[in-house]
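Just so you know, we're using this note's numbering here: the sequence shown kicks off at 101 and counts up by one.
Think of the CB as a built atom: it goes at the ideal place given N, C-alpha and C, for glycine as much as any other residue.
Keep in mind it's a predicted model, so treat the numbers as computed, not measured.
Have a look at the structure below before the remarks.
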Amino acid sequence: MTLEQMITVQSTNQSMREANGTWIAHGKTLKFAALFSALQNLLPLFDLRRSEPFQVINYNRGGHYAPHYDYPTDEKTQKVMEKRGNRIATVIVVLKRAEKGGGLVFTELKTSLLPDVGDVILWFNMTSRHQLEYLSKHAACPVERGRKIVISLWIRSKGQEFTLKSRNSNGFDFRDFN
Ligand SMILES: O=C(O)CCC(=O)C(=O)O
Ligand SMILES: [Fe+2]
Numbered sequence: 101m102t103l104e105q106m107i108t109v110q111s112t113n114q115s116m117r118e119a120n121g122t123w124i125a126h127g128k129t130l131k132f133a134a135l136f137s138a139l140q141n142l143l144p145l146f147d148l149r150r151s152e153p154f155q156v157i158n159y160n161r162g163g164h165y166a167p168h169y170d171y172p173t174d175e176k177t178q179k180v181m182e183k184r185g186n187r188i189a190t191v192i193v194v195l196k197r198a199e200k201g202g203g204l205v206f207t208e209l210k211t212s213l214l215p216d217v218g219d220v221i222l223w224f225n226m227t228s229r230h231q232l233e234y235l236s237k238h239a240a241c242p243v244e245r246g247r248k249i250v251i252s253l254w255i256r257s258k259g260q261e262f263t264l265k266s267r268n269s270n271g272f273d274f275r276d277f278n
């Protein structure tokens, strides 16, 4: 099955997001498995097995994602939270760049990116104290021309204690090695 076929099989449109999102298992095809191991090599401080399946997000013209946090706090998700923790970080891989529009904006940081095909973007959604990182609020600007396709990987916090520790403002000191 081609990626094109996979991402048109299932589609969700939420009010916040005008796009199609398709969940794809890390090992669904050889290419996804290769991407998964490339990302794991790139990000050795994370255990990517403790992440959600890939989500391929397709934005057609007008497609966008309103400002949001990748850090659910609603009651529905409490069970998952207890088991897997929240989304400590988000990884985005750009598969197709819009011809116009489609930037990624961090609204609190007042920073925007127009990433290129093949770029990988990582940010933290959670502080080292397991709280919402309010600076992580972001949005995908409307695609004005062409089409944008990204893969999102939301990394869960349980099992990432090493990463959390290294983010602690105290950093490592000799006590950590005793
Ligand atoms: O499509 C983008 O640039 C951002 C997508 C996003 O917000 C996410 O995957 O959490
Ligand atoms: Fe997001």
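Residue i, enclosing alpha helix (DSSP H) - first and last residue
| i | result |
| --- | --- |
| GLN140 | 130-142 |
| LYS179 | 178-184 |
Contact test: residue i Cβ vs ligand 1 heavy atom, cutoff 7 Å
| i | result |
| --- | --- |
| ALA198 | no |
| ALA138 | no |
| LEU204 | yes |
| SER115 | no |
| ILE107 | no |
Ligand 2 heavy atom lying under 7 Å from the CB of residue i
| i | result |
| --- | --- |
| ASP170 | yes |
Backbone secondary structure at residue i - three-state DSSP
| i | result |
| --- | --- |
| TYR234 | helix |
| GLN110 | Here the model assigns GLN110 a pLDDT of 47, short of 50, so the residue's position is not dependable, and the following value carries that caveat. Coil at GLN110, not helix or strand. |
| LYS258 | coil |
| ARG247 | coil |
| ALA239 | strand |
| GLU104 | helix |
| LYS210 | coil |
| GLU152 | coil |
| THR263 | helix |
| GLU199 | coil |
Element boundaries [beta strand (DSSP E), containing residue i]
| i | result |
| --- | --- |
| ALA189 | 187-196 |
| PRO167 | 164-168 |
| PHE224 | 220-224 |
Check whether residue i and residue j have beta carbons under 8 Å apart
| i | j | result |
| --- | --- | --- |
| GLY127 | ILE157 | no |
| HIS164 | LYS237 | no |
| TRP223 | GLU152 | no |
| GLY203 | SER212 | yes |
| THR263 | ALA239 | no |
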